[in-house]
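Here is the structure we will look at, set down as structure tokens.
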Amino acid sequence: MTQREPTAIDQLMLELINRARKNPQQEAERLINGLLNEGVPSQRTISNTPKQPLAFNLYLNQSAKNHSEWILEEDIFSHVGVNNTTSKERMAIAGYQFIEPWGSGENIAWKGTTANLDFTKFTIDNYNNLFVDLNYPNRGHRVAIMKDDFQEIGIASIQGVFTSNKVDYNAVMTTQHFAYSASNSAFLTGVVYSDEIVNDDFYTLGEGIGNINIIAENIDSKEKYETKNWSTGGYSLPLSPGTYNVSFIGNLNQDFQDDIVAKTITIKKQNIKLDIATDDLSFVVEDNSNIDENDLNKPVEKTNDELNIPIDNQIENNIIPIDNSINNQSINKIDSLLNNPIYRFQNQNQLGNYLYTGEQEKTNIQNNFSEFKLEGLAFYVGISANDNLTTIYRFQNSNIPGTYLFVGEEEAKNIRQNFTNFKEEGIAFYVYGADSNKGDSIYRLQNSNILGTYLFVGETEKNNILANYSNFILEGVAFKVEYST
């Protein structure tokens, strides 16, 4: 399994992310007029308290690079990757170990131009766009970036040609892989940099100082933990809870002589960020929130020859709720059994009729059935039978072609025996049963204007429909997914 060290541009994006996590409100002031929770549902509110800094994991860096390269090679902007893998599967294949309780998440973004691209600017724009999350339901990317439970990250921003709508763009493709696992300790992380290119107390490309030995000695046990930072200046060092004397040894001020500086820190269950700006050999402990008003405070710029494709993200998590959505619904807590996306289409020839499909069928519908309009990601399901899951079957109403019903085993038997107008199309997916103590409810509503047509929604959208659309009749809980509103 390959481990990939971060590039300088990856380090810059991590510094941007960790600055935002240290001071969420300040980042909101910089990018979204101070509205930290703009577009975020109340149950997923982002607090303005600091979040633990993220530490690079080299396996996650590799999985992020693999996915960015795959997107560019295949011209497919998707969370379903090589060999139909999910993001969590790709992280595990790359070498990251998931031990319960675990969590994972993926953000992807790209920006392209038909002219010459500015790699640094486009990478920063990808980060900015993910944080702003303009018009993305429930601002799932911003919520993921700010999720305090995440401890580790992999980042890869790759240059290449990406074809969209038959146009070739010089593009920067960014993948962010977030994770945490019970197998890992908290991390001492940070960056060593000169601050000489732009004197702003913030990492700038070209300022990283590598080949520095970092030694942490536990004051009580005298155990020593050691690592060497990367050429970017960044480092990650797992530590057990305790108080440590941390020494940085190397050519810190670039005078061809080794220097030694030390700091005492106490680490518990959350990561600590310890940076060194070597222009005055000062330490910055969990404080990376200064802003360069002349550069980073600029609004995201767009020109006529640039294309900002809507950014997309996917979250998988079997313990901690994470946000992703369609309309007013929030998808979260996606567990290891339910990690395959289901998309919702509305039949434009029969408004009020809906179809739910997986990734492969979604592509076929988009290519061949223009009457179906994609509304977005609906929820996550299983695609393999499991003793803990319930089988859901799909029927099409032959009296109203293009309308579908999704039911469990008992109702499927009744339909087969008594309602011959519903033609069985096979197993649709696997979910938790309506009476399960796991997951969150998906409700079934029948459209009384076109009897025999159905809609499946979460709590928030259900309440909105009942309050505003009297033609939809609530029939009850259909099944449960790891989905919360």
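Residue numbers (my numbering): 1 to 485. Glycine included, every Cβ here is placed at the ideal spot set by N, Cα and C. The structure presented is a predicted model; accordingly, all values stated were derived computationally and were not measured.
Among the options, the one whose alpha carbon lies nearest that of residue i
i: N229; options: T7, T2, F479, M1; result: T7
i: A478; options: E459, T357, A467; result: E459
i: S47; options: A55, N66, Q62, E27; result: E27
i: I9; options: S157, V198, E411; result: S157
i: L252; options: N397, E223, P238, I212; result: I212
i: D255; options: E29, S247, I209, E409; result: I209
i: D258; options: K273, S236, I214; result: I214
i: E15; options: K273, L117, T86, S78; result: K273
i: Q348; options: Y393, W102, M91, S370; result: S370
i: I342; options: F379, N271, T390; result: F379
i: V246; options: D200, S231, T189, N199; result: T189
i: V161; options: N399, R139, N126, K111; result: K111
i: Y96; options: L374, L60, G103; result: L60
i: G250; options: N399, L239, A262, T243; result: A262
i: F422; options: R394, N437, T120; result: R394
i: Y354; options: L374, S436, F119; result: L374
i: I450; options: N399, I32, G234, P137; result: N399
i: V481; options: D440, N464, G408, N463; result: D440
i: G140; options: A55, E217, E411, E38; result: E38
i: W102; options: D200, D220, Y180; result: Y180
i: M13; options: N116, L31, R30, T204; result: T204
i: L36; options: F248, N83, M146, G452; result: M146
i: P41; options: D125, G408, P137; result: P137
i: I267; options: N199, S185, K438, I260; result: S185
i: F372; options: G358, R344, Q396; result: R344
i: S104; options: K269, F248, T264, L54; result: L54
i: F248; options: A216, K222, T232, Q270; result: A216
Cβ neighbour criterion (16 or more within 10 Å) applied to residue i
i: A94; result: buried
i: R416; result: exposed
i: S325; result: Any reading at S325 must be qualified, since the residue scores a pLDDT of 28, below 50, and its modelled position is unreliable; no value is offered.
i: E360; result: In the sequence on display, residue 360 carries Gln and not Glu. That one is exposed.
i: P241; result: exposed
i: Q3; result: exposed
i: M1; result: exposed
i: P310; result: Its pLDDT being 48, under 50, P310 is placed unreliably by the model, and the measurement read from it follows with that caveat. With fewer than 16 Cβ atoms within 10 Å of its Cβ, P310 is classed as exposed.
i: G34; result: exposed
i: F406; result: buried
i: T403; result: buried
i: T174; result: buried
i: S236; result: buried
i: K88; result: buried
i: P401; result: exposed
i: Q11; result: buried
i: G426; result: exposed
i: A467; result: exposed
i: N135; result: exposed
i: S420; result: According to the sequence provided, residue 420 is Thr. The question's Ser does not apply to it. Per the 10 Å Cβ criterion, exposed.
i: Y169; result: buried
i: T49; result: exposed
i: L239; result: buried
i: T243; result: exposed
i: K362; result: buried
i: L351; result: exposed
i: E461; result: buried
i: T264; result: exposed
i: D75; result: exposed
i: V167; result: exposed
Cβ separation of residue i and residue j, assumed to be a contact under 8 angstroms, to the nearest whole Å
i: N129; j: A109; result: 6 angstroms
i: T106; j: A182; result: At residue 106 the sequence reads Glu, which differs from the Thr that was named. No, E106 and A182 are not in contact; Cβ-Cβ is about 20 angstroms, not under 8 angstroms.
i: F122; j: V172; result: 4 angstroms
i: Q494; j: I153; result: Any answer about residue 494 is impossible in this case: the structure gives the chain only from 1 up to 485.
i: F187; j: Q151; result: 6 angstroms
i: R90; j: S63; result: 5 angstroms
i: L337; j: L377; result: With a Cβ gap of about 18 angstroms, L337 and L377 do not count as contacting.
i: D148; j: K51; result: 4 angstroms
i: N339; j: T86; result: 5 angstroms
i: T391; j: E409; result: 6 angstroms
Inset, instruction - Inspect the CB distances between the segment 426–433 and the segment 374–387 and report whether three or more fall short of 8 angstroms. - result: The segment 426–433 makes contact with the segment 374–387: 3 or more CB pairs, one atom from each, lie closer than 8 angstroms.
Inset, instruction - Entirely within the segment 375–443 and at least 4 residues each: give me those alpha helix (DSSP H) ranges in chain order. - result: Correct list: 409–418.
Inset, instruction - Please determine if the segment 54–71 and the segment 157–175 are in contact, where contact requires at least 3 C-beta pairs separated by less than 8 angstroms. - result: With contact defined as three or more Cβ pairs closer than 8 angstroms, the segment 54–71 and the segment 157–175 are in contact.
Inset, instruction - At 4 residues or longer, and completely inside the segment 195–227: list those alpha helix (DSSP H) runs for me, N to C. - result: Scanning the segment 195–227 for uninterrupted alpha helix (DSSP H) segments of 4 residues or longer gives nothing; none is fully contained.
Inset, instruction - Counting only runs of 4+ residues fully inside the segment 60–131, write out the alpha helix (DSSP H) ranges in chain order. - result: You should have 87–94.
Inset, instruction - Report yes or no: do three or more beta-carbon pairs, one from the segment 434–454 and one from the segment 466–480, lie closer than 8 angstroms? - result: Cβ pair count under 8 angstroms is three or more, so yes.
Inset, instruction - Give a yes or no on contact between the segment 35–46 and the segment 209–229, applying the rule of three or more CB pairs nearer than 8 angstroms. - result: Touching, no, given that fewer than three Cβ pairs across the two stretches are closer than 8 angstroms.
Inset, instruction - Tell me the start and end of each unbroken beta strand (DSSP E) in the segment 6–60 that is at least 3 residues and wholly inside, in chain order. - result: DSSP runs (the beta strand (DSSP E)) wholly in the segment 6–60: none.
Inset, instruction - Check whether the segment 266–280 touches the segment 188–198, counting contact only when three or more Cβ pairs, one atom from each stretch, lie closer than 8 angstroms. - result: At 8 angstroms Cβ cutoff, the stretches touch.
Legend entry - In chain order, each beta strand (DSSP E) run of at least 3 residues that lies wholly inside the segment 240–278: Whole beta strand (DSSP E) segments, 3+ residues: 242–250, 259–267, 272–277.
Inset, instruction - Kindly provide the ranges of any beta strand (DSSP E) runs that are 3 or more residues long and lie completely inside the segment 439–476, ordered along the chain. - result: 440–447, 454–457, all fully within the segment 439–476.
Inset, instruction - Could I get the ranges of all uninterrupted beta strand (DSSP E) runs contained in the segment 140–185, with 3 residues as the minimum, in chain order? - result: Listed in chain order, they are 152–164, 167–180.
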